[in-house]
Amino acid sequence: MSEQVRVRFAPSPTGYIHVGSLRTALFNYLFARHNNGKFILRIEDTDQSRYVDGAVENLIKSLNILGIEYDEGPDKKGDYGPYFQSQRLDIYKKHAMELIEKDMAYYAFETPEELEEMKRLAHLEGRVTAYDRRARNLTHEEIQKYLNENKPYVIRLKVPLGEEIKFNDLVKGTIKINTDHIDDQVLLKSDGFPTYHLANVVDDHLMGITHIIRGEEWITSVPKHVILYNAFNWEVPEMAHVPLLLNPDKTKLSKRQGDVAVEDYLQKGYLVEALNNFMALLGWNPGEGETSEIFSMNELIEKFSLSHVQVHGAVFNIEKLNWMNNEYIKSYDLDKLLDLSIPFFERDGFDTSDKSFLKKVLSTIRVYLNKLDEIGDQARLFFQNEIKIESADSVSLLQNENTKIVFEQIIIKLQGLKDINTDDFKQVMKDVSNETGIKGKDLFKPLRIALTGSESGPELPMLVNVYGSEKTIKFLRDALKV
Ligand code: GLU
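Numbering (my numbering), first residue to last: 727 to 1208.
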């Protein structure tokens, strides 16, 4: 590629970032970095009815947290601003007028009621295009008269009829459509705001966008956009429409079947690295011969290419995300993981003053965590000063003569040890087993019950390592009294 790659993420700020939208941002980012290009954030906020307070800040915050860094945008310098469409209204107006002059657009003065009636008729007649293009026939005099009367108007695209529009999408391949099937799209609304189509095309051109990478739901707009590019005599950028995200039942990913806002995932304690890794694989793969699925951002940048974006929808599989997050949690730098975990300990009301203790807890439980909001459940055990033994079977096991012998031996050995690590405890168990002849389940099961109250949980040496010898001895003594 000779010219510098410039791509953009162009969200409409409607409250929260949908994971699908974020995946689009990520693909743009990876593509830009892979090609040493620029990544632009443009806020498409021309639909005032959908405006939500704080949405832009939220969006920027999420991108920052995820490390999806843009080079130009609302809060960054750039030669192509402003990056808010609402601050570019005069630009769109000027371009709409230019199209009128070129006879590629026209004024239309229909009232909402007239348009409603037209829609009804089109439906009855089985016509594809709803607007019957009637304002194309207005004379100059009529137009002038209405304008003088201040009659509300829109500006519509004059779709050239009877032509074939053909474009090549880098993901979907060649697409053709006859222009007779395309509506004379409104470009400028009666309130002076542009529609998505006009603003999007004008900005992509003026901002020097070379590749448009966005969700496939926008592909139906492309023919209109191509007509606009042609009308302005502009080159059409390369396009790549990336597949929709789907629920496991193959319906479009929706709130009803789980979280769709990125914030929700962050709040639950999915790690940024895991989220990015997971999202990159939603509709893209690194190609054959690659066996791993775990990639750092740098590896993703290095491997990313549009030629490996899949055509069909990508299932959002939460089990896979959980698996991946667990992989990251297991191998994460422990100190960094601790920093990330402290809010979750606090959220569940645990005392977080003793950091080295928390670190031990975390190193023991992290293999069991799919996400950090599970910390409370997994860590609770380590904050208890008493073990509740409830089941009758457990009680009778503890009262068994062998149990007594084993516990007393362990207590004696632990008394000689101040700090106890996992290896020390493994050795203690081995020695006790050799000396008493009690082994396997007969040795471990009562011990586990005494130390956890249940038959499952972290491995015993890990557990004892966190408890320390004093607390372990206390629990064993308590159990002997049961
Ligand atoms: N504003 C559109 C959106 O909300 C942008 C679509 C595009 O990338 O062209 O997704």
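Backbone N, C-alpha and C define an ideal beta-carbon position, used for all residues, glycine too.
Chain C within 9 Å of tyrosine 1054, Cβ atoms only: Of the protein chains in the structure, only one exists, and it is not chain C.
Integer-rounded CB distance, given that leucine 864 should sit under 8 Å from tyrosine 809: About 37 Å; that fails the 8 Å criterion.
beta-carbon tyrosine 922 near ligand 1 non-hydrogen atom, thresh 8 Å: yes
Per-residue DSSP class, three states only, for phenylalanine 753: helix
Touching by the beta-carbon criterion (3+ pairs, under 8 Å), the region 918-930 and the region 862-876: no
One or two residues paired with histidine 734 in a DSSP bridge: Reading off the sequence, residue 734 comes out as arginine, not histidine. Partner(s): Ile766.
Reduced DSSP secondary structure (H/G/I, E/B, other) of proline 679: This structure gives no information on residue 679, because the portion of the chain shown stretches from 727 to 1208.
DSSP beta-bridge partners of arginine 940: His967
Sequence-distant residues of the same chain with beta carbon closer than 7 Å to valine 880, five excluded per side: Ala834, Val912, Leu914, Lys915, Ser916
Straight-line gap, methionine 727 to leucine 1189 (C-alpha atoms, nearest Å): Low confidence applies here, because methionine 727 scores a pLDDT of 48, under 50, leaving its location unreliable; read the following figure in that light. If I take the Cα positions, the gap works out to 57 Å.
Residue span of the beta strand (DSSP E) that contains alanine 671, given as start and end: Residue 671 lies beyond the residue range present for the chain, which begins at 727 and ends at 1208; the question has no answer from this structure.
Local conformation of asparagine 904 per DSSP, three classes: strand
Asparagine 1096 beta carbon less than 9 Å from that of isoleucine 1055: yes
Alpha helix (DSSP H) segment containing glutamate 1054, residue limits: It should be noted that the sequence gives tyrosine, not glutamate, for residue 1054. Counting along the chain, the alpha helix (DSSP H) containing tyrosine 1054 begins and ends at 1044-1057.
Own chain residues within Cβ distance below 7 Å of tyrosine 777, not counting five before or after: Asp771
Heavy atom of ligand 1 within 8 Å of alanine 736 beta-carbon: yes
Isoleucine 891 classed as buried or exposed, judged by whether at least 16 other C-beta atoms fall within 10 angstroms: buried
Own chain partners of isoleucine 743 with C-beta closer than 6 Å, once the 5 adjacent residues on each side are dropped: Leu785, Ser788, Val988
Tyrosine 833 - containing alpha helix (DSSP H), residue span: Note, tyrosine 833: premise wrong, no alpha helix (DSSP H); beta strand (DSSP E) at 831-834.
Simplified DSSP state of proline 1187, which is helix, strand or coil: helix
Enclosing beta strand (DSSP E) for isoleucine 1115 [first to last residue]: Counting along the chain, isoleucine 1115 falls outside any beta strand (DSSP E), and DSSP gives it neither H nor E.
Contact check, lysine 1114 vs valine 1192, beta carbons under 9 Å: no
Burial state of glutamine 811, where buried means 16 or more other Cβ atoms lie within 10 Å: buried
Own chain residues within Cβ distance below 7 Å of tyrosine 818, not counting five before or after: Leu914, Pro920, Leu924, Ala925, Val928
Between the CA atoms of asparagine 790 and phenylalanine 1133 - distance to the nearest angstrom: 53 Å
Residues near glutamate 1053 in its chain [Cβ-Cβ closer than 8 Å; skip 5 each side]: Ala1000, Ile1020
Outcome for glutamate 1127 when other beta-carbon atoms lying within 10 angstroms are tallied against a minimum of 16: exposed
Secondary structure of glutamate 890, DSSP reduced to three states: strand
Identity of the residue in Ser738, Asp1157, Asn762 nearest phenylalanine 1030 by Cα: Asn762
Cβ pair tyrosine 922, aspartate 773 closer than 9 Å: yes
Enclosing alpha helix (DSSP H) for isoleucine 1020 [first to last residue]: That residue, isoleucine 1020, is in no alpha helix (DSSP H); it is neither H nor E in DSSP.
Beta-carbon proximity check, proline 949 vs threonine 900, cutoff 9 Å: no
Any non-hydrogen atom of ligand 1 closer than 8 Å to glutamate 942 Cβ: no
Stretch-stretch touch, CB-based, cutoff 8 Å, three pairs: the region 1002-1018 with the region 728-737: no
Assumed close pair phenylalanine 1151, leucine 1177 - CB separation to whole angstroms, cut-off 8 Å: About 11 Å separates the two Cβ atoms, so there is no contact after all.
Alpha carbon of serine 1079 to alpha carbon of tryptophan 1010, nearest angstrom: 44 Å
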